[in-house]
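J.: Mapping the sequence shown onto the UniProt record's numbering, position 470 (from 1) lands on 470, and the numbers just tick up by one. Please read through the structure below; I'll follow up with questions.
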Amino acid sequence: MILLQCNQISKSFGVEPILTNIKLDIQTGERVALVGRNGAGKSTLLKIIAGQLSYDSGQVMMPKGIELGYLAQNTGLESSLSIWEEMLTVFAPLQKMEKQLRNMELQMSDPEFIENNARYEKLLKEYDQLQVTFKDKGGYQYEADIRGVLAGMNFGDFDYDTKISTLSGGQKTRLALAKLLLTKPDLLILDEPTNHLDIATLTWLEQYLVGYQGAILIVSHDRYFLDKIVTVVVEISRTKSTKFTGNYSNYLDEKAKRYELEMKQYEKQQDEVAKLEDFVQRNIARASTTKRAQSRRKQLEKMTLLDRPAGSEKSATFSFTIDRQSGKEVIRASDLHVSYDNQDIFKQLDLAVDREESVALIGPNGAGKSTLLKALMKDVPIQDGIIRFGSNVSIGYYDQEQANLKSNKSVLQELWDEHTLLPEKEIRTVLGNFLFSGDDVSKPVSTLSGGEKARLALAKLMMKKANLLILDEPTNHLDLDAKEILENALIDYPGTLLFVSHDRYFLNRIATRMAELENGQITNYLGDYDYYVEKKNEMEQREFLAQQEKEASNPSSQSASGTGSQADKRSYEQEKEAKKAERQRQRRIEEIETTIESLEKELAQKEEDLCDPAIYSDHEKAQTLQTEIDERKEQMDSLMEEWEELQD
Numbered sequence: 001m002i003l004l005q006c007n008q009i010s011k012s013f014g015v016e017p018i019l020t021n022i023k024l025d026i027q028t029g030e031r032v033a034l035v036g037r038n039g040a041g042k043s044t045l046l047k048i049i050a051g052q053l054s055y056d057s058g059q060v061m062m063p064k065g066i067e068l069g070y071l072a073q074n075t076g077l078e079s080s081l082s083i084w085e086e087m088l089t090v091f092a093p094l095q096k097m098e099k100q101l102r103n104m105e106l107q108m109s110d111p112e113f114i115e116n117n118a119r120y121e122k123l124l125k126e127y128d129q130l131q132v133t134f135k136d137k138g139g140y141q142y143e144a145d146i147r148g149v150l151a152g153m154n155f156g157d158f159d160y161d162t163k164i165s166t167l168s169g170g171q172k173t174r175l176a177l178a179k180l181l182l183t184k185p186d187l188l189i190l191d192e193p194t195n196h197l198d199i200a201t202l203t204w205l206e207q208y209l210v211g212y213q214g215a216i217l218i219v220s221h222d223r224y225f226l227d228k229i230v231t232v233v234v235e236i237s238r239t240k241s242t243k244f245t246g247n248y249s250n251y252l253d254e255k256a257k258r259y260e261l262e263m264k265q266y267e268k269q270q271d272e273v274a275k276l277e278d279f280v281q282r283n284i285a286r287a288s289t290t291k292r293a294q295s296r297r298k299q300l301e302k303m304t305l306l307d308r309p310a311g312s313e314k315s316a317t318f319s320f321t322i323d324r325q326s327g328k329e330v331i332r333a334s335d336l337h338v339s340y341d342n343q344d345i346f347k348q349l350d351l352a353v354d355r356e357e358s359v360a361l362i363g364p365n366g367a368g369k370s371t372l373l374k375a376l377m378k379d380v381p382i383q384d385g386i387i388r389f390g391s392n393v394s395i396g397y398y399d400q401e402q403a404n405l406k407s408n409k410s411v412l413q414e415l416w417d418e419h420t421l422l423p424e425k426e427i428r429t430v431l432g433n434f435l436f437s438g439d440d441v442s443k444p445v446s447t448l449s450g451g452e453k454a455r456l457a458l459a460k461l462m463m464k465k466a467n468l469l470i471l472d473e474p475t476n477h478l479d480l481d482a483k484e485i486l487e488n489a490l491i492d493y494p495g496t497l498l499f500v501s502h503d504r505y506f507l508n509r510i511a512t513r514m515a516e517l518e519n520g521q522i523t524n525y526l527g528d529y530d531y532y533v534e535k536k537n538e539m540e541q542r543e544f545l546a547q548q549e550k551e552a553s554n555p556s557s558q559s560a561s562g563t564g565s566q567a568d569k570r571s572y573e574q575e576k577e578a579k580k581a582e583r584q585r586q587r588r589i590e591e592i593e594t595t596i597e598s599l600e601k602e603l604a605q606k607e608e609d610l611c612d613p614a615i616y617s618d619h620e621k622a623q624t625l626q627t628e629i630d631e632r633k634e635q636m637d638s639l640m641e642e643w644e645e646l647q648d
């Protein structure tokens, strides 16, 4: 069933077209990603679909009764209610139904009412029907649903009586997403839902959306997230839309293949056109060949000329270099103690970073990652401890809040003031590499968008030629293309990196060590993000097994709550998944063995048939049979390979 159809949607702001003839269809259960550069019109299209923005032409069609839920970018939940009260508002109809059931129960328990058989039977029938409806709509589990979603969105440890008005902006954004998920609309529209989410919450959201019953339309710059969730990608580029089947990685492969094929077709046609034009030019004036030349001219006139395929839009181009290399020891921090409002952020924390390392600082929101970077930069005071930088260390710092980019200077002046000895032409060249050209360089810095400020901050960082880069969420505000350019620049960077990021794809490409900051202490994992996840799972599994052994040897020591820890629950789920995978493996082995047995019988029969004089004397029949025998043997070889792999 088609839940949403957008036909020929066009939208302009002033004289500038943003969207032109956009087509978009979403079927039941589809997960669709909108991708494209910052400013391509993705959020504009979502607002048009959600009915929050008008459009110039086209149609947006949805069947009657379809519920649509929309979460705009950085939308915070504003309410005077407590967290629990606000979440309960989603289930107001169920609460009303619940009250009706309780009232009916009171009536049915009244002796006088029971004596009136006709009224009692009628009420009992109504009660049964309402109870079934209540159950089907989740009446007996909505409170559990609320607790589950709040825990997943990192509110598990919160007092649910906390007033929403007292929460931070990031917490309000997460709460807005939690409330939308609880409404379970037929079409869920999410604009950058991964903002303000730490890795644990991102992982939970992925799992939730993978199992979501409705359709999803999503804008996100998190490639890891898109690869896990989406089944269709729609690219908005140069005001038009193009559809690709598969996840984000498939989209990149398919886009490259399409461009290559279209370029070959275009070049082939251009060669043909050139030959025809040359023939006409050389032969039109000759009496003996003029008819053929006229025929070629008509052929040219009838030809539908292909446009040259549009390649990728212009990208930023930059690289990070250093003036000189540092000593082997780059950062040595020991016994660090930082507190805020008399509350310890971390205490007795140690951190060591050596030359050419790429260290990712990860951990839950509120663990103190950004605070640690600011402490290293002396932007926040430390209560105790020592911070020491090695010899020849020069630092380049990228602040996720871009707090130092609020001036009224022009873009050109902002960069030039830090490098006054360089000629203006060179400064303009650098800005051009970061996609600031023409009038862009005259814009006041304070009026720039988040993505533009991020590019300017990176330009300033590149010009420093520092041998230690300390980066706090460097991929925030960058589109997918800009992220890839930044990654490639950092991979080739000859200096040392210490950075905070929640972008798991970025972590996998850049990090050589994961430094997890949790409960005020750092735990190191020598590898990328996938290695870190693998090791964490192994550790949790060992802890779970050790706990099981302990409980088996001493049953009386089991927890009074009986619920187990969060790690135990995760390990239990992992154990279930492992058992499920093992059952699937065994089933597949049995299927392969049955198929091979059937193929062997079929092969024996065909080989016997081939010996029949009536068949081997008929060349065509014999050839067909031999082809079938070869195909069955190939199939058996393939199945045997798979069987051996599964056995291993």
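Ideal Cβ placement from N, Cα and C applies to all residues, glycine included. Just so it is clear, the structure is predicted and the values come from calculations on it, not from any experiment.
#1: Got a sec: is the Cβ-Cβ distance from Asn524 to anything in chain D below 8 Å?
#2: Does the Cβ-Cβ distance between Ile22 and Ser241 come in under 8 Å?
#3: Under a Cβ-count criterion, where at least 16 other Cβ atoms within 10 Å of its own Cβ denotes burial, should Cys6 be classed as buried or exposed?
#4: What would DSSP say about Leu3, mapped onto helix, strand or coil?
#5: By DSSP, does Gly438 sit in helix, in strand, or in coil?
#6: Taking buried to mean at least 16 other C-beta atoms within 10 Å of its own C-beta, is Met640 buried or exposed?
#7: Between Thr475 and Lys464, which are expected to be in contact by the criterion C-beta below 8 Å, what is the C-beta distance as a whole number of angstroms?
#8: Here's the rule: buried if 16 or more other CB atoms are within 10 angstroms of the residue's CB, otherwise exposed. What is Phe436?
#9: Looking at C-beta atoms only, is the number of pairs between the segment 100-114 and the segment 190-202 that lie closer than 8 Å three or more?
#10: Pull up the distance between the alpha-carbon of Gly211 and that of Lys228, whole angstroms please.
#11: Taking Ile18 and Gly41 to be in contact with their CB atoms under 8 Å, please state how far apart those CB atoms are, rounded to whole angstroms.
#12: Among Gln131, Trp84, Ser57 and Glu267, which one has its Cα closest to the Cα of Leu182?
#13: What is the DSSP secondary structure of Thr166, counted as helix, strand or coil?
#14: Looking at Leu461 and Glu414, is the spacing between their C-beta atoms short of 8 Å?
#15: With 16 as the cutoff for other CB atoms within 10 Å, does Phe13 come out buried or exposed?
#16: Return the bridge partner residues of Met61 from the DSSP annotation.
#17: Checking 8 Å against the spacing of the C-beta atoms, do Val32 and Val219 come in under that value?
#18: Assess, as a yes-or-no matter, whether the segment 66-84 is touched by the segment 171-179 under the definition of 3 or more beta carbon pairs within less than 8 Å.
#19: Buried or exposed for Lys172, please, with buried defined as at least 16 other CB atoms from any protein chain shown within 10 angstroms of its CB.
#20: Count Cβ pairs between the segment 379-398 and the segment 325-344 that sit closer than 8 Å; are there 3 or more?
#21: Taking Arg585 and Leu646 to be in contact with their CB atoms under 8 Å, please state how far apart those CB atoms are, rounded to whole angstroms.
#22: Report yes if the C-beta distance between Gln310 and Ile395 is below 8 Å; otherwise report no.
#23: In angstroms with no decimal places, state the Cα-to-Cα distance between Gln348 and Ile382.
#24: At the level of alpha carbons, what is the spacing between Leu422 and Ala256?
#25: Counting only the same chain and skipping the five closest in sequence on each side, list residues whose C-beta sits under 6 Å from that of Gln213.
#26: Tell me whether Tyr340 sits in a helix, a strand or coil according to DSSP, three-state version.
#27: Since I believe Ile522 is in contact with Asp350 (beta carbons under 8 Å), could you give me their beta-carbon distance rounded to a whole number of angstroms?
#28: What's the call for Arg37, buried or exposed, on a 16-neighbour Cβ count within 10 Å?
#29: Note down, one range per segment and in chain order, each alpha helix (DSSP H) of at least 4 residues found wholly within the segment 598-635.
#30: Leaving out five residues before and five after Glu642 in sequence, what residues of the same chain have Cβ atoms less than 7 Å from its Cβ?
#31: Could you tell me if the beta carbon of Gln141 falls within a distance shorter than 7 Å of some heavy atom in the ligand FAD?
#32: What span of residues does the beta strand (DSSP E) with Glu235 cover, start to end?
#33: Looking at the unbroken alpha helix (DSSP H) that takes in Leu19, where does it start and where does it end?
#34: Is the beta carbon of Leu150 less than 8 Å from the beta carbon of Leu130?
#35: So, for Gln400: in the same chain, excluding its five sequence neighbours on each side, which residues have a beta-carbon less than 6 Å away from its beta-carbon?
#36: Span of the alpha helix (DSSP H) holding Asp253?
T.: Reading it off the structure:
#1: No chain D is part of this structure, which consists of one protein chain only.
#2: For this step, residue 22 is matched to residue 22 along the sequence shown. For this step, residue 241 is matched to residue 241 along the sequence shown. In this structure, Ser241 lies closer than 8 Å to Ile22 by Cβ.
#3: Here residue 6 corresponds to residue number 6 of the sequence shown, with the count starting at 1. Looking at its Cβ environment, which holds 16 or more other Cβ atoms inside 10 Å, Cys6 is buried.
#4: Here residue 3 corresponds to residue number 3 of the sequence shown, with the count starting at 1. Strand at Leu3.
#5: Here residue 438 is taken as the residue at index 438 of the sequence shown, counted from 1. Three-state DSSP puts Gly438 in a helix.
#6: On the sequence shown, position 640 is the one that residue 640 refers to. Counting C-beta atoms within 10 angstroms of its own C-beta, Met640 has fewer than 16 neighbours from the protein chains shown and is therefore classed as exposed.
#7: Looking up residue 475 in the sequence shown gives position 475. Looking up residue 464 in the sequence shown gives position 464. Not confirmed; about 19 Å, so no contact.
#8: The residue given as residue 436 occupies position 436 in the sequence shown. Classification for Phe436: buried.
#9: At 8 Å Cβ cutoff, the stretches do not touch.
#10: If you number the sequence shown from 1, residue 211 lands on position 211. If you number the sequence shown from 1, residue 228 lands on position 228. Whole-angstrom Cα-Cα distance: 11 Å.
#11: Position 18 of the sequence shown, counted from the first residue, corresponds to residue 18. Position 41 of the sequence shown, counted from the first residue, corresponds to residue 41. Confirmed, Cβ separation roughly 4 Å.
#12: Residue mapping note: residue 182 aligns to position 182 of the sequence shown, counting from 1. Out of Gln131, Trp84, Ser57 and Glu267, the CA that lies nearest to the CA of Leu182 is found in Trp84.
#13: Here residue 166 refers to the residue found at position 166 when the sequence shown is read from its first residue. It is helical.
#14: Taking the first residue of the sequence shown as position 1, residue 414 is located at position 414. Taking the first residue of the sequence shown as position 1, residue 461 is located at position 461. Note that the C-beta distance between Glu414 and Leu461 is not below 8 Å.
#15: The residue given as residue 13 occupies position 13 in the sequence shown. With fewer than 16 other Cβ atoms within 10 Å, it is exposed.
#16: Residue 61 sits at position 61 when you count from the first residue of the sequence shown. The partner list for Met61 (beta bridge, DSSP) reads Gln5.
#17: Residue numbering aside, residue 32 sits at position 32 when the sequence shown is read from its first letter. Residue numbering aside, residue 219 sits at position 219 when the sequence shown is read from its first letter. The answer is no: Cβ separation not under 8 Å.
#18: The count of Cβ pairs closer than 8 Å, one atom from the segment 171-179 and one from the segment 66-84, reaches three, so the stretches are in contact.
#19: For the purposes of this step, residue 172 is identified with residue 172 of the sequence shown, where counting begins at 1. Answer is buried; the Cβ neighbour count reaches 16.
#20: Note that the segment 379-398 touches the segment 325-344; at least 3 beta-carbon pairs, one per stretch, sit closer than 8 Å.
#21: Start at 1 with the first residue of the sequence shown, and residue 585 comes out as number 585. Start at 1 with the first residue of the sequence shown, and residue 646 comes out as number 646. Rounded, the Cβ-Cβ distance is 6 Å, consistent with contact.
#22: Residue mapping note: residue 310 aligns to position 310 of the sequence shown, counting from 1. Residue mapping note: residue 395 aligns to position 395 of the sequence shown, counting from 1. The displayed chain sequence assigns Ala, not Gln, to residue 310. Against a cut-off of 8 Å, the Cβ pair of Ile395 and Ala310 comes out as no contact.
#23: One-based indexing of the sequence shown puts residue 348 at position 348. One-based indexing of the sequence shown puts residue 382 at position 382. Rounded to the nearest angstrom, the two C-alpha atoms are 11 Å apart.
#24: As a working mapping, residue 422 is identified with position 422 in the sequence shown. As a working mapping, residue 256 is identified with position 256 in the sequence shown. So the two alpha carbons sit approximately 39 Å from each other.
#25: Taking the first residue of the sequence shown as position 1, residue 213 is located at position 213. Within the same chain, no Cβ atom closer than 6 Å to the Cβ of Gln213 is found once the five residues on either side in sequence are excluded.
#26: Stepping through the sequence shown from its first residue, residue 340 is reached at position 340. Looking at Tyr340 - three-state DSSP - the assignment turns out to be strand.
#27: Counting from one through the sequence shown, the residue named residue 350 turns up at place 350. Counting from one through the sequence shown, the residue named residue 522 turns up at place 522. The distance from the Cβ of Asp350 to that of Ile522 is about 7 Å, consistent with a contact at the 8 Å cut-off.
#28: Position 37 of the sequence shown, counted from the start, is the residue given in the question as residue 37. Arg37 should be labelled buried.
#29: The qualifying runs are 613-616.
#30: Numbered from 1 along the sequence shown, position 642 holds the residue referred to as residue 642. Correct list, in chain order: Ile592.
#31: Within the structure as shown, the ligand FAD is missing, as the structure has no ligands at all.
#32: Translated into the one-based positions of the sequence shown, residue 235 becomes position 235. Here the beta strand (DSSP E) through Glu235 covers Val232 to Ser237.
#33: One-based indexing of the sequence shown puts residue 19 at position 19. The continuous stretches of alpha helix (DSSP H) do not include Leu19, which lies in the beta strand (DSSP E) extending over residues Glu16 to Gln27.
#34: Numbered from its first residue, the sequence shown carries residue 150 at position 150. Numbered from its first residue, the sequence shown carries residue 130 at position 130. In this structure, Leu130 does not lie closer than 8 Å to Leu150 by Cβ.
#35: Along the sequence shown, one-based indexing puts residue 400 at 400. If we look at Gln400 and ignore the five residues flanking it on each side, its Cβ neighbours are Asp472, Glu473 and Asn476.
#36: In the sequence shown, counting from the first residue as 1, residue 253 sits at position 253. Counting along the chain, the alpha helix (DSSP H) containing Asp253 begins and ends at Tyr248 to Asn283.
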